[in-house]
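Chains as they are written, first to last, in the numbering used here: chain A, 6 to 294; chain B, 9 to 303; chain C, 1126 to 1388.
The C-beta atom is built at its ideal place from N, Cα and C for all residues, glycine as well.
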Amino acid sequence: MPEPAPSPPAVTVENLTKVFKSGLGKQAFVAVRDLSLTVQPGEVYGLIGPNGSGKSTTMKAILGLLSPTQGRTSIFGKSSTEVESRRDVGFLPENPYFYKHLNGLETLMFYGRLCSMSGRDLKEKAREMLVMTGLEDAADRRVSGFSKGMLQRLGLAQALLHQPRLIVLDEPTAGVDPAGSRKIRDLIMGFKERGITVLVTSHLLEQIQEVCDRVGIMAHGRMVREGRLEDLIAVENETELVLADASPELLAQIKTLIETQGGGAKLVRSGHSRTTLERLFLEATEETK
Amino acid sequence: MKYSSFSPARIWTLASATVTQLVRMKILAFLLVFCVIVVGAGFAFPVMNPEQQLKLLKDVSFGALQIFSIVIAIVATSLLLPRDLEDRTLYTILSKPVPRFEYLLGKLLGVLVLIGVGLILMDIAFSAVLWLRQTMVLAQSIGALKQEGVATPEAVAQLNEFVGKQGLTWNVHFGVLAIFLKASVIAALALMISCFSTSTLFTVVITFCVTIIGHGQSLIREYFLQGHFSNVIEKLLSALLAIVTPDLGVFDVVDNVINGELVSSASIGLMLGTTALYLVGYSVVSHLLFVEKEL
Amino acid sequence: MKRHLQALVVLLLLGSVKLPLEESVTQHLRAAKLLSKPIDLGIRESVGQMSFAAALGGLRSLIASITYLRAYRAWENIEWAKVDSLFQITTRLQPRYQNYWDEASWHMAYNAASSYLYNEDIEPMVRGKFYADYIQRGIDILNEGLRFLPDDARLWNALAEIYDRRVHDPKKAAECYLEVHRISHNDRYARFAGYQYAQTSDPELWQKAYTLLKTAYYKKQRQPSVIEQIKNLEDKLKLPLMQRIPEKRQALEQPQGMIRPTQ
């Protein structure tokens, strides 16, 4: 067997600029300015930034929904302007909606057929996706009765149906309750284990930091920071020490030790660790189940 | 997984989704209204001469068929793109390997299937009422002749001929075909306009205007071709209108079909050809407008 | 933006290609009598803007039916002027539907004319004038209809009957019956024309009548009225005995009144 050629990056964005022309007499709006980024196969890349920072525009350009004013975008080496580039990508838009008159299974069948799937193969795959996203009970329910979290998961099922190598998620946890968003994060972790590349945007930093390998921070259409998550958030000159069941005497000794032999080291803060509200919420709701 | 850049199966998937989408909008409620109108037209008018009664029934029914098909063609088509865009279903569809022209063709096909099926159903209902009415009118008239003692074989034969000409014939269905072809052109036109329009209302209004102008296009065209206008501006304007709008009058054979004129196969061929020309032309323009549309 | 320009170019190209095509398709369909001539713009004032738009939009037949119904109602209310003007609109909308012409002229030449003739509220002199005027109106309507439908036997027959029964102009009635015969090839109309010519006072026309009736006679149409009329004409034309039909003698022997099916 010949040596496989080095696979191209899952996503490449080169010097992307997108200008939206507005009506007569109004100024054109620059949504994205000279943006470049690369996502390697198997990586989970988080694109974060406040609303209106250009994340969605970048995503739409990658998916070929928008044409760039300048620059290029490609998926696994194929330009986004080619329809074929979308064979390997699944997309979950922000707050997805589906044809209300279809039920869960029919929705997946519809999207499967659009991906040239058919017959038993499609039906099995659709059922599998419903199970994976925890929607097996909703297979025969009309989409019009779905909650926001269910819609989001159906959106994920739809994006995964044709086994893409890249998944693009736009604000997957926006407006979803913590349990739902936990589920979605677990799913993302699962993709990573299966070697699927993930590109995810969010304006909720907390939720994304657990799952991302690399993060890009956007503001006003530009990339302001990019790198590995640990590198970005580590505070270089501080060290954290978390103790359980420490007696007040022990704590006093440690304090003295720092003061006497610290050699310039300072204690910045001490006190009880706090759980996050989110963790508390999750624990409490898990218990009531 | 195989991938081809053109797939009738994908287009059909989109078309059938469009049909169900429109059916759920209760668009076919029109069918019931139609049936009421036809039955009303068949039985509610004062007794006149038998021919005129059947003509009136056909006039009203064909009128309702035309209005149904044109309104659906304009309104349903205008709704489709904005709706998908608003619901963001367009994003999920177009982020699949679906070329944009397939999406457009699927939508157009869906509307055409809906109008076609609607027209077939209405044609069946209308034919049944017409046949029933025709039989009744004939029996009544022959009865009247008998009462007057003048029911000679010739008189009955002539009555049969008069009523038969105004009654149910294959020709009537060709009239329905012409209505369908006109609606197809209007649907393609509406789709084209919705590709650059920014609101549903705009699409509906503009398509409606073009449809009205299209019915008088032959007047404008003939004035222009025969050089009736001396003023340069008038000339240019009339030329532009004639070029930009379709001649929908070509499909208005219904008036004369009602009158009993026979539709030749050559005429059907010409109407089909004209329809094909418009459909292809407008679809190409729609594609060019839609392929770069920012979503 | 480039694509938008392309779209515009395609639209204009399509438009210029389609113009001559549309023109020839229209001409073909008009020749096949499937398309009507363009609607008369003058009708707009009479039917109103909405109806005019509807008539343009392929609902011409329906609008015609509606104006016809209104004319029918006017007839029930004995408003002759209204009947006339509504039928005028109806026939202008659908000039190729012979029934409208036929009925319009019938209303004028028979119903309206008689209604005035027997109207005791009107001075006798005026009554006569109205009677004649409305009959003439009926004739005018039919003549106008015949401009659109020169080969319509029904309209020619209606015209013949008006000349025969209302105007008592046998020469014109005969000419109209001959037109019916030309179109329908039904020999009874040639016979009718013969009867009409026989009623004139012009010997030349008697000759015509004689020829027509003799033709009928040779075609085995030997109804008593035909034989009677032929004998009559032979007398009027003073034909030598040898040229006359044999029934001159036989008629006395054979029973009368048998009805043969007319052809």
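Anyone know if the C-beta pair for residue i and residue j falls short of 8 Å?
i	j	result
L89 (chain B)	S291 (chain B)	no
A1298 (chain C)	D1289 (chain C)	yes
T1215 (chain C)	A1196 (chain C)	yes
G1183 (chain C)	V252 (chain B)	no
S103 (chain B)	F96 (chain A)	yes
Y104 (chain A)	L166 (chain A)	no
I314 (chain B)	S205 (chain B)	No statement about residue 314 (chain B) is possible, as the shown extent of chain B runs from 9 to 303 and does not include it.
Q157 (chain A)	I189 (chain A)	yes
G257 (chain B)	Q225 (chain B)	yes
L51 (chain A)	S207 (chain A)	The question names Leu, but residue 51 (chain A) in the sequence shown is Gly. In this structure, S207 (chain A) lies closer than 8 Å to G51 (chain A) by Cβ.
Y1302 (chain C)	A1318 (chain C)	yes
R219 (chain A)	R199 (chain A)	no
T63 (chain A)	R38 (chain A)	no
I80 (chain B)	I123 (chain B)	yes
I193 (chain A)	V203 (chain A)	yes
F259 (chain B)	M279 (chain B)	yes
I1168 (chain C)	F1177 (chain C)	yes
M1233 (chain C)	G1270 (chain C)	no
G126 (chain B)	L36 (chain B)	yes
G185 (chain A)	A144 (chain A)	no
T85 (chain B)	V121 (chain B)	no
V164 (chain B)	P58 (chain B)	no
Looking only at C-alpha atoms, which of the options sits nearest to residue i?
i	options	result
T282 (chain B)	B:K190, B:S77, B:A165	B:K190
I1164 (chain C)	C:E1148, C:A1189, C:K1143	C:A1189
I82 (chain B)	B:E302, B:L199, B:L303, B:N267	B:L199
V1142 (chain C)	B:L297, B:L303, B:Y286	B:Y286
D93 (chain A)	A:D182, A:Q266, A:I80	A:I80
Q174 (chain B)	B:T85, B:Q60, B:V47, B:I35	B:Q60
D1074 (chain C)	C:K1127, C:L1280, C:V1251	The structure shown has nothing for residue 1074 (chain C), since chain C only spans 1126 to 1388.
E1148 (chain C)	B:L93, B:A250, B:V265	B:A250
T219 (chain B)	B:I228, B:G268, B:L197, B:N239	B:L197
N1202 (chain C)	C:V1251, C:S1240, C:E1269	C:S1240
P107 (chain B)	B:E302, B:L303, B:H295	B:H295
L1274 (chain C)	C:Q1219, C:I1260, C:T1325, C:W1331	C:Q1219
I228 (chain B)	C:Q1174, C:L1181, C:R1185	C:L1181
A17 (chain B)	A:E129, A:L174, A:E133, A:S121	A:S121
L1242 (chain C)	C:S1230, C:Y1342, C:D1258	C:D1258
S1350 (chain C)	C:L1362, C:P1328, C:Q1332, C:Q1321	C:Q1321
V18 (chain A)	A:S41, A:Q32, A:F34	A:S41
Taking residue i as the query, report the chain A residues whose CB atoms sit under 8 Å from its CB, ordered along the chain.
i	result
V7 (chain B)	No answer is possible for residue 7 (chain B): it lies beyond the span of chain B, which begins at 9 and ends at 303.
S13 (chain B)	V88, E89
Listing by chain order, which chain C residues have their CB less than 7 Å from the CB of residue i?
i	result
H223 (chain B)	L1181, G1182, G1183
L64 (chain B)	S1190
I251 (chain B)	L1137, G1140, S1141, L1144
E300 (chain B)	R1128
L296 (chain B)	R1128, Q1131, A1132, V1135
Show which residues of chain C have a CB atom less than 9 Å away from the CB atom of residue i.
i	result
T282 (chain B)	K1143, L1146, E1147, V1150
E269 (chain B)	A1157, K1158, L1159, R1221
Mind pulling the chain B residues with CB within less than 9 Å of residue i?
i	result
L204 (chain A)	Within 9 Å Cβ-Cβ: nothing; L204 (chain A) doesn't reach chain B, min ~12 Å.
L70 (chain A)	L98, Y99, L102, S103, E302, L303
Interface residues of chain B around residue i at Cβ under 7 Å?
i	result
R91 (chain A)	S103, K104, P105
H106 (chain A)	T28, Q29, R32
N1224 (chain C)	E59, Q60
In chain B, which residues lie less than 8 Å from residue i when you measure between Cβ atoms?
i	result
L1187 (chain C)	D67, V68, F70, G71
Y50 (chain A)	Ordered by position in chain B, no residue passes the 8 Å Cβ test against Y50 (chain A), which lies about 18 Å from the chain.
A1283 (chain C)	Residues of chain B passing the Cβ test: none, with the nearest at roughly 14 Å.
What residues of chain A sit near residue i, judged by a beta carbon separation below 7 Å?
i	result
V59 (chain B)	It should be noted that the sequence gives Glu, not Val, for residue 59 (chain B). The premise fails here: E59 (chain B) is roughly 46 Å from chain A at the closest Cβ pair, so nothing lies under 7 Å.
Can you pull the chain A neighbours of residue i, defined as C-beta to C-beta under 9 Å?
i	result
A17 (chain B)	R118, S121, S123
What residues from chain C crowd round residue i, counting only those whose CB sits closer than 8 Å?
i	result
G289 (chain B)	V1135, L1136, L1139, K1143
Discussion item. As an exercise, report each continuous alpha helix (DSSP H) stretch of at least 4 residues that is fully enclosed by the segment 165–232 of chain B, in chain order.
Written reply: 178–204
Worksheet entry | Inter-stretch contact (C-beta, 8 Å, three-pair minimum) for the segment 1149–1157 of chain C and the segment 26–34 of chain B | no
Discussion item. For the pair the segment 133–142 of chain A and the segment 132–139 of chain B, tell me if three or more CB-CB distances fall below 8 Å.
Written reply: no
Worksheet item: In chain order, which continuous runs of the beta strand (DSSP E) of length 3 or greater are located wholly inside the segment 60–126 of chain A?
Response: 75–80, 94–97
Worksheet item: How do the segment 74–88 of chain A and the segment 13–27 of chain A stand: do at least 3 beta-carbon pairs fall below 8 Å, yes or no?
Response: yes
Worksheet item: Do the segment 60–69 of chain B and the segment 40–55 of chain A make contact, defined as three or more Cβ pairs closer than 8 Å?
Response: no
Worksheet item: What are the complete beta strand (DSSP E) segments, minimum 3 residues, inside the segment 15–52 of chain A?
Response: 16–25, 34–44
Worksheet item: Counting only runs that start and end within the segment 13–83 of chain B, where is the alpha helix (DSSP H) found for 4 or more residues in a row?
Response: 16–32, 37–51
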